[in-house]
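In mature numbering (1 follows the signal peptide of the UniProt record, and there is no 0), the protein residues as written are 9 to 658. Structure record follows, encoded as structure tokens.
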Ligand code: AHR
């Protein structure tokens with residue numbers, strides 16, 4: 009293998025390897041967003057009591073109802089009323105959390121709630137108790153001083169044990185009635201110790217990948233099943249307690265893993281996504297609805313223009329007021345929210361949330377997996393308005409999913425004519441497809457839009473099949489494909505595996521990059537492939553040639569190389585998709601001075617079905633070893649079925 013060290017090619021974009029986040033598989037509520045109470049405000053549409061139950065089947069409560077008279081605020085129009093005429097220890101309610109609540113011994117959790125004693129009630133207080141799955145108390149306390157006005161109460165709970173399956177009980181201390189709202193149990197330990205922060209172990213797994221960008225908030229949830237159920241970023245910012253929940257597009261009946269209780273609380277909203285991007289050093293890449301609901305559901309379309317003329321009002325959730333002008337205005341306002349001065353209306357909202365500095369937004373996605381004339385019809389005025397006001401923002405356009413056959417859609421062609429900045433291509437296909445398509449971009453037009461490989465993952469059984477596994481076969485095949493992305497870094501400037509997260513007890517889609525329960529998390533072999541590319545991105549492509557005219561992937565050997573300008577290192581990535589160990593010789597053409605000891609990072613398993621799990625999180629994980637560099641030739645033996653990164657000090 010010849011690596012032309014003296015002929016560096018295209019720069020590798022800093023955004024090359026990034027993350028695709030979607031609130032699917034309990035990725036946000038129940039995952040990255042560590043609020044432990046499900047449905048804290050009783051505002052879930054059509055399921056106002058989801059997550060809650062009356063203790064002891066309700067026999068101990070005469071009153072257990074969601075009410076709306078004299079609510080906490082207009083943003084919180086519903087609350088829970090519970091009451092008993094006879095004092096008894098079981099008169100109360102229980103919140104189940106997200107397939108339980110994960111709590112750790114000795115850690116601090118803040119319980120906060122609003123309470124009010126309605127007229128005629130003499131209730132003296134509330135008993136709050138965190139219990140494990142056996143009903144044993146892990147922490148308990150009293151809330152006293154209830155008044156006839158809404159008032160917020162806060163207490164700290166420190167569990168005496170650790171469990172992934174705790175639940176929260178709130179009982180009446182005596183006879184009487186109480187109104188409750190915005191009931192929250194939030195861990196003190198969050199990433200960067202932020203209030204309303206994120207689950208630290210999950211953020212750390214992301215940060216460790218050195219991601220170049222974070223695409224959010226999806227996926228199909230951007231589109232919604234109907235336009236009224238689309239993701240609207242403006243409803244996800246400001247006071248966390250006042251954010252109105254929305255049914256999740258992934259709320260569904262699904263074999264053994266039904267999630268009829270899946271909604272978005274928006275505790276993790278657009279401000280928090282921007283902050284997360286900043287925390288992990290990734291460029292934020294928000295994706296907005298283009299005026300089309302999910303084509304796999306209603307496929308509802310926003311009319312092109314409203315009779316009252318452009319921007320003649322605001323659309324609220326479920327208002328049905330959904331002309332395209334509103335979608336476009338939302339996009340313009342989002343750029344102002346992210347980047348505008350604090351003196352601007354939306355910049356002021358960002359500053360009020362604690363971030364006066366700009367988030368320095370550079371990319372914006374318009375539409376997800378949409379294509380065809382209706383998409384293009386809406387994309388055009390969208391892109392025109394954005395370009396007119398914010399010419400520096402790079403627009404990511406959608407070209408639809410990529411089935412195994414022809415990957416070029418009519419939309420891609422038209423987007424080229426429209427001089428789109430980036431086209432978002434998705435590939436969910438069998439592992440062999442990934443190996444066979446490592447050369448996909450070799451002959452791609454060099455003058456057209458750049459490529460964002462926004463969603464891809466090898467599917468061991470079939471697209472989105474519940475039987476798919478995050479097997480080594482899938483991961484090594486993705487590594488082979490990624491050598492092709494890297495070799496074509498002049499065309500491909502962003503790429504992300506999808507989906508990112510899945511809760512082991514509440515998922516709708518497999519495979520996924522990181523799996524977790526309420527306490528633990530692990531990276532799949534696919535995670536380690538992504539991490540190795542992300543942490544060995546380099547700064548410019550080095551041309552790689554095989555001997556005797558062999559192409560990348562011939563004989564199941566795949567390779568790419570980059571130089572890292574910061575360290576001077578030459579980084580060669582090699583995939584051996586064969587059962588035999590394979591000696592290779594690297595001819596580092598034109599290399600001047602090289603260090604004597606190189607570092608090999610090897611991800612390998614002779615079992616193509618090998619997976620990681622909560623119990624065996626590093627069954628397939630990188631191992632490091634050093635090797636000798638006999639400049640300018642390097643001999644190295646690749647392990648059977650391995651992905652190896654060789655770092656040669658320059
Ligand atoms: O990643 C899961 C889903 O796959 C995404 O929501 C969608 O964009 C794609 O179809």
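Backbone N, C-alpha and C fix where the C-beta goes; we use that ideal spot for every residue, glycine too.
- prompt: Using a threshold of 7 Å, is the CB atom of residue 434 nearer than that to any non-hydrogen atom of the ligand AHR?
  reply: yes
- prompt: Should residue 478 be listed as close to the ligand AHR, given that the test is whether its C-beta is under 7 Å from any heavy atom?
  reply: no
First through last residue of the beta strand (DSSP E) which encompasses residue 631: 631 to 636
query: Over what stretch of residues does the beta strand (DSSP E) that includes residue 380 continue unbroken?
result: Careful: residue 380 lies outside any beta strand (DSSP E), inside the alpha helix (DSSP H) at 380 to 397.
query: With respect to 7 Å, is the separation between the Cβ of residue 523 and the closest non-hydrogen atom of the ligand AHR below this value?
result: no
task: Buried or exposed for residue 13, please, with buried defined as at least 16 other CB atoms from any protein chain shown within 10 angstroms of its CB.
output: buried
task: Have a look at the DSSP bridge pairing and note the partners of residue 243.
output: Beta-bridge pairing links residue 243 to no other residue.
query: For residue 319, which residues of its own chain have a beta-carbon under 6 Å away from its beta-carbon, when the five flanking residues on both sides are left out?
result: Since pLDDT at residue 319 reaches only 39, below the 50 mark, its modelled position is unreliable, and no value is offered.
query: How big is the Cα-Cα spacing for residue 9 and residue 595?
result: 6 Å
task: May I ask you to verify whether the segment 150 to 169 touches the segment 132 to 140, counting CB pairs closer than 8 Å and requiring at least 3?
output: yes
message: When you compare the CB positions of residue 134 and residue 102, do they come within less than 8 Å of one another, or not?
response: no
message: Suppose you measure from the CA of residue 316 to the CA of residue 486; what does that come to, to the nearest Å?
response: At residue 316, the pLDDT of 43 sits below 50, so the modelled position is not reliable; the number obtained from the coordinates is stated separately. Near 50 Å, if we compare the C-alpha coordinates of residue 486 and residue 316.
- request: Could you name the residues of the same chain whose beta carbon sits closer than 6 Å to that of residue 468, not counting the 5 residues immediately before and after it, in chain order?
  value: 476, 477, 479, 482
- request: State the Cα-Cα distance for the pair residue 41 and residue 294, rounded to the nearest angstrom.
  value: 18 Å
task: Could you name each continuous alpha helix (DSSP H) segment of 4 residues or more that falls completely within the segment 268 to 316, going from the start of the chain to the end?
output: 278 to 288
Proximal residues to residue 22 (C-beta, below 7 Å), its chain only, five neighbours per side dropped: 220
- request: May I ask you to list the residues that DSSP assigns as paired with residue 60?
  value: 103
message: Between residue 659 and the ligand AHR, is there a pair consisting of the residue's CB and a ligand heavy atom that are separated by less than 7 Å?
response: An answer regarding residue 659 cannot be provided, because it is not within the stretch 9 to 658 covered by the chain.
task: Apply the 10 Å Cβ neighbour rule to residue 623 and answer buried if 16 or more other Cβ atoms are within range, or exposed otherwise.
output: exposed
Member of 97, 50, 554, 46 whose CA lies at the smallest distance from the CA of residue 63: 97
- prompt: So, are the CB atoms of residue 197 and residue 208 less than 8 Å apart?
  reply: yes
message: Using only the alpha-carbon positions, how far apart do residue 321 and residue 341 sit?
response: Residue placement at residue 321 is poorly supported in this model, since its pLDDT is 41, which falls under 50; the coordinates still yield a value, given next. Cα to Cα, residue 321 sits roughly 13 Å from residue 341.
message: One question on the structure: do residue 301 and residue 291 come within less than 8 Å of each other, judged by their Cβ atoms?
response: no
field: CA-to-CA distance, residue 253 to residue 326, given in whole angstroms
entry: The predicted model places residue 326 with a pLDDT of 43, which falls under 50 and marks its position as unreliable; any figure quoted below should be read in that light. If I take the Cα positions, the gap works out to 12 Å.
message: Shorter than 7 Å, the distance from the beta carbon of residue 376 to the closest heavy atom of the ligand AHR, or not?
response: yes
field: Under the three-state DSSP convention, the category residue 324 falls into
entry: Note that residue 324 scores a pLDDT of 41, beneath 50, so its modelled location is shaky; the value from the coordinates is reported in the next line. If DSSP states are grouped into helix, strand and coil, residue 324 belongs with coil.
At least three beta-carbon pairs within less than 8 Å, the segment 527 to 535 to the segment 48 to 61: no
- request: Out of 419, 289, 457, 267, state which residue places its alpha-carbon closest to the alpha-carbon of residue 428.
  value: 457
message: In chain order, what are the residue ranges of uninterrupted alpha helix (DSSP H) at least 4 long that sit wholly in the segment 346 to 379?
response: 353 to 360
Closest by C-alpha distance to residue 490, when choosing among 510, 565, 470, 108: 565
message: I need the DSSP call for residue 412, collapsed to helix, strand or coil.
response: Caution applies to residue 412, whose pLDDT of 46 falls short of 50 and renders its modelled position unreliable; the model cannot decide the point.
- prompt: Would DSSP call residue 484 helix, strand or coil?
  reply: helix
- prompt: Going by other Cβ atoms of all chains shown within 10 Å of its Cβ, with 16 needed for buried, is residue 76 buried or exposed?
  reply: exposed
query: Who are the Cβ neighbours of residue 645 in its own chain at under 6 Å, not counting the five residues just before and after it?
result: 589, 591
message: Just to confirm the assignment: which complete beta strand (DSSP E) runs, minimum length 3, are found wholly within the segment 59 to 95?
response: 60 to 62, 71 to 75, 87 to 92
- request: Within its chain, find whatever has a CB closer than 6 Å to the CB of residue 391; leave out the 5 residues flanking it on each side and keep chain order.
  value: 403
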